[in-house]
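Note that our numbering has the sequence shown beginning at 15, numbered continuously upward.
The block underneath contains the structure these notes are about, expressed in structure tokens.
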Amino acid sequence: MQNNEKWAVRAKCRTGDADALFAEGAAQNAGTAVCTACPVRTECLAHALDGRIEFGVWGGMTERERRALLRRRPAVSSWRVLLEAARQEHRLEDVPAAGRRAV
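In structure tokens form, the structure reads like this:
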């Protein structure tokens, strides 16, 4: 496992049924449900998008959803950077303005 993939050991799906993540059609809903409360959902999705992984549910998105996202945002050079920045921005939105520190 590469240094930047240490997140995988904390993935909620690691101990579950891997077949649910590679199902087709409506059965993919079970796979995406596993991702809902996963602590490394962002890292997983970024890995799949940056690696152009074609099959399976990754980070709560099906292959069809990821392909559509990649088509809509072809200029993104690093999904990891983009998603981490978005996650950090979301965290700041959850903090009252008086409690924010200058970044």
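The beta carbon of each residue, even a glycine, is placed where N, CA and C say it ideally should be.
No experiment lies behind these values; they were computed from the predicted model shown.
Cβ shell of residue i (< 7 Å), same chain only, five flanking positions each side left out
i, result
"residue 38", "none"
Cβ-Cβ distance between residue i and residue j below 7 Å
i, j, result
"residue 48", "residue 73", "no"
"residue 68", "residue 77", "yes"
"residue 85", "residue 64", "no"
"residue 54", "residue 25", "yes"
Alpha helix (DSSP H) segment containing residue i, residue limits
i, result
"residue 63", "55 to 64"
"residue 79", "77 to 86"
"residue 44", "42 to 49"
DSSP state of residue i mapped onto helix, strand, coil
i, result
"residue 117", "For residue 117, the predicted model reports a pLDDT of 43, less than 50, meaning its position is unreliable and no value from the coordinates is stated."
"residue 17", "In this predicted model, residue 17 has a pLDDT of only 49, less than 50, meaning its place in the structure is not dependable enough to derive any value."
Rounded distance between the beta-carbons of residue j and residue i, thought under 8 Å
i, j, result
"residue 62", "residue 80", "6 Å"
"residue 75", "residue 59", "6 Å"
"residue 50", "residue 71", "Going by Cβ atoms, the distance from residue 50 to residue 71 rounds to 11 Å, so no, they are not a contact pair."
Contacts around residue i, its chain only, beta-carbon distance under 6 Å, and the 5 residues preceding and following it disregarded
i, result
"residue 44", "34"
Same chain, Cβ closer than 8 Å to residue i, neighbours up to 5 away in sequence not counted
i, result
"residue 36", "45, 69, 70, 71"
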